[in-house]
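Read the structure below first, then the notes.
Numbering (the numbering used here), first residue to last: 1 to 443.
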């Protein structure tokens, strides 16, 4: 039993809202994993162009930055439950329209790009709305933030593993269109879960700020998130690092792995296997960190995990055209990747005050995703211009240089510090003791 304030009514732990968010996220992310494979394969099969696959990835990810950048105050005003439900419904409609229009014979390339842009614009606010609820739902369920964050990331990793495996099999058996229709259905299921199980949770409802709603007030709220992030050295360092790796990972997932899989590994089933291995071992890594990770320095674990999960995939894919070496590499890379987001999530929730979480998370997510549109586009152009092997080696080299930063810059020492933050007053950033990490965005 938790200690209660004198005026706080006795309340039993209720795990249903937390379970509802975990289930909704699992279904939604599993569906997104279907699209992760289905859309690139669909584009490659219908256009036979890596550059066009990169353009589609660019159109899908550019609106993500806009949504993350301005979405924090919007999420709080509208309400986290409402934003999550609307996000899933619109995402489902946009992805479901692709195979339907293609079946009717009217799908143009610009339509595909526009539909992917709509999905990218609304998907990130939904993810952010569910993620920033996690501390409240953990308290509601009578568990710790660290355990809830580890479980949140674990089920997300597991969902990606399941979605990728199903996508590979479905594409091989029925084609990419079937995968996109299934993805649309998963968004609908996620929306229903959130609408039903988060009803009545105060933190999920609109958070009305004092004073009249205005553009000036909106800019002030958004500026708070910007100020907190940009004045905090560790937060800024993590955001820049993850910004670079997310861009490289977007090139990997949207172009490099699909092209390598189609040309050398035997098609969509092999691509699904690789992503499933990565996701399955990432799940294991998240669970292992949840059980024993707090015994070790965060900075050391974070650095080792990023080195293991990064450049190795690109180099092995460039040097081999068989499945087994890359499969082993993807498993080890996933093990390291699974330990990253629990660290970032825990540090953020420890240091960012509750009233700034949506705003800081939105700004940090926008920064972390800033290079993602360019990652897919650059990968497509490099493959068409110089071949997939050269593109893989270039991306792998940049990844290695980026992931060395925690070993070089002193601000990263703050990763091991967890100062307490008032729930009513934000910490004054500017020293390593008061630094924070963004919402988890490491891919």
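Don't be surprised by glycine CBs; every beta carbon is placed ideally from N, CA and C.
Since we're looking at a predicted model, the values are computed, not measured.
ask   = Ends of the alpha helix (DSSP H) at residue 264?
value = On the chain shown, residue 264 is found 264 positions in, with the first residue counted as 1. No alpha helix (DSSP H) contains residue 264, which DSSP labels as neither H nor E.
ask   = Where does residue 452 land, buried or exposed, given buried means 16+ other C-beta within 10 angstroms?
value = Any property of residue 452 remains undetermined from this structure, which presents the chain solely from 1 to 443.
inquiry  = Going by DSSP in three states, residue 371 sits in which element: helix, strand or coil?
reply    = One-based indexing of the chain shown puts residue 371 at position 371. Three-state result, residue 371: coil.
task = Helix, strand or coil for residue 232, going by three-state DSSP, please let me know.
result = Position 232 of the chain shown, counting from 1, holds the residue named residue 232. Residue 232 falls in the coil class under three-state DSSP.
key: Local conformation of residue 26 per DSSP, three classes   = Your numbering for residue 26 matches position 26 in the chain shown. Residue 26: helix per DSSP, three-state reduction.
request  = Inspect the beta-carbon positions of residue 27 and residue 186 and report whether they are closer than 8 Å.
outcome  = By one-based count along the chain shown, residue 27 stands at place 27. By one-based count along the chain shown, residue 186 stands at place 186. Cβ distance < 8 Å, so residue 27 and residue 186 count as in contact.
request  = Can you say whether residue 408 is buried or exposed, counting buried as having 16 or more other CB atoms within 10 angstroms of its CB?
outcome  = Within the chain shown, the letter at position 408 stands for residue 408. Exposed is the call here.
task = Whole angstroms is fine: what's the gap from residue 265's alpha carbon to residue 249's?
result = The residue you call residue 265 lines up with position 265 of the chain shown. The residue you call residue 249 lines up with position 249 of the chain shown. Cα to Cα, the separation comes out at about 19 Å.
message = Tell me the residue span of the alpha helix (DSSP H) that contains residue 406.
response = Residue mapping note: residue 406 aligns to position 406 of the chain shown, counting from 1. No alpha helix (DSSP H) contains residue 406, which DSSP labels as neither H nor E.
query = For residue 456, which of helix, strand or coil comes out of DSSP?
reply = This structure leaves residue 456 out entirely; the chain is present only between 1 and 443.
ask   = Between 206, 242, 287, which lies nearest to residue 81 when the distance is taken from Cα to Cα?
value = In the chain shown, residue 81 corresponds to position 81, counting from 1. If we check each option's Cα against that of residue 81, 206 comes out closest.
ask   = Using the beta-carbon count (16 or more within 10 Å), is residue 104 buried or exposed?
value = Within the chain shown, numbered from 1, the residue matching residue 104 stands at position 104. Label assigned to residue 104: exposed.
query = So residue 84 is in the alpha helix (DSSP H); what residue range does that whole segment cover?
reply = For this step, residue 84 is matched to residue 84 along the chain shown. Residues 80–104.
ask   = Thinking C-beta only, is residue 299 closer than 8 Å to residue 406?
value = In the chain shown, counting from the first residue as 1, residue 406 sits at position 406. In the chain shown, counting from the first residue as 1, residue 299 sits at position 299. Against a cut-off of 8 Å, the Cβ pair of residue 299 and residue 406 comes out as a contact.
ask   = Taking three-plus beta-carbon pairs below 8 Å as touching, is the segment 39–46 in contact with the segment 245–262?
value = yes
request  = Give the DSSP-derived three-state secondary structure of residue 339 in the structure shown.
outcome  = Here residue 339 refers to the residue found at position 339 when the chain shown is read from its first residue. DSSP places residue 339 in coil when its eight states are reduced to three.
Residue 293 vs residue 342 beta-carbon contact at 8 Å = As a position in the chain shown, residue 293 is number 293, starting the count at 1. As a position in the chain shown, residue 342 is number 342, starting the count at 1. Yes, Cβ-Cβ distance for residue 293 and residue 342 is below 8 Å.
task = Starting from the Cα of residue 111, find the closest Cα among 123, 125, 95, 122 and give me that residue.
result = The sequence position of residue 111 within the chain shown is 111, counting from 1. Looking at the Cα atoms, 95 is the closest of the given residues.
task = Work out the CA separation of residue 383 and residue 99 for me, nearest whole Å.
result = Walking along the chain shown from the start, residue 99 turns up at place 99. Walking along the chain shown from the start, residue 383 turns up at place 383. Their Cα atoms are separated by approximately 26 Å.
N- and C-terminal bounds of the alpha helix (DSSP H) containing residue 183 = Position 183 of the chain shown, counted from the first residue, corresponds to residue 183. Per DSSP, residue 183 belongs to the alpha helix (DSSP H) from 176–197.
inquiry  = Could you check if residue 360 belongs to the surroundings of the ligand SAH, using beta carbon to heavy atom distance under 7 Å?
reply    = The ligand SAH is not among the ligands present in this structure, which contains no ligands whatsoever.
task = Whole angstroms is fine: what's the gap from residue 321's alpha carbon to residue 379's?
result = Numbered from its first residue, the chain shown carries residue 321 at position 321. Numbered from its first residue, the chain shown carries residue 379 at position 379. Cα to Cα, the separation comes out at about 19 Å.
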